[in-house]
Amino acid sequence: MDWEMSLKPITVKLSLIERLMGFCTVVVAYIAVRCLPFETISKILGGLKHLCQREIGVEEADIAWSAVRQSSFFFLGRAACLELSLAFVLFALSKRLSATLCVGVATEPFRSHSWVELGGKPFREADYIERDFRKLLAV
Numbered sequence: 448m449d450w451e452m453s454l455k456p457i458t459v460k461l462s463l464i465e466r467l468m469g470f471c472t473v474v475v476a477y478i479a480v481r482c483l484p485f486e487t488i489s490k491i492l493g494g495l496k497h498l499c500q501r502e503i504g505v506e507e508a509d510i511a512w513s514a515v516r517q518s519s520f521f522f523l524g525r526a527a528c529l530e531l532s533l534a535f536v537l538f539a540l541s542k543r544l545s546a547t548l549c550v551g552v553a554t555e556p557f558r559s560h561s562w563v564e565l566g567g568k569p570f571r572e573a574d575y576i577e578r579d580f581r582k583l584l585a586v
């Protein structure tokens, strides 16, 4: 996936329920990142993933991605890659579908980033993510 693909808006028609779920998952992710150690968040996600029926499909992932991204624009706090990736995974888990939350770092210059993987590949991310970032954690 290239920059154009990752930044290109998708046209997914969201229901009111999906919009509300997107906003709720962004709020929960925002609070979780600020109030819980990441180890606890990882354990919670791992436990919930055991209840999942299967991995989220691309069409379902587009809905989750769109709901989370659109909801983040109405959120007044800082909702960056970690919060949005966690919100995406929570959205998927709410439908008993799994996705992998990844956190990685790159050097020269030092950067950190969080993303979601489907089938071992970053979802809606630029090509350089796999090349430049070293994955430190995958939940």
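Take the sequence shown: its letters are residues 448 to 586, numbered as in the numbering used here.
We put the beta carbon where it would ideally sit given N, CA and C, even for glycine.
No experiment lies behind these values; they were computed from the predicted model shown.
Close Cβ partners of residue i (< 6 Å) along its chain, the five nearest in sequence each way excluded
i, result
"I491", "none"
"A585", "T547, C549"
Beta bridge counterpart(s) of residue i as assigned by DSSP
i, result
"K568", "L565"
"V550", "S561, L584"
"R513", "For clarity, residue 513 is Ser in the given sequence; the question names Arg instead. Bridge partners of S513: none, in fact."
"S532", "Its beta-bridge partners do not exist; DSSP assigns none."
"L544", "R501"
Residue i in three-state terms, based on DSSP
i, result
"R578", "helix"
"R481", "helix"
"E465", "helix"
Spatial distance of residue i from residue j (CA atoms)
i, j, result
"I488", "A573", "26 Å"
"V552", "L463", "36 Å"
Contacts around residue i, its chain only, beta-carbon distance under 8 Å, and the 5 residues preceding and following it disregarded
i, result
"S541", "M468, T472"
Close beta carbons around residue i, own chain, < 7 Å, minus the five adjacent residues each side
i, result
"A539", "I503, A511, S545, A546"
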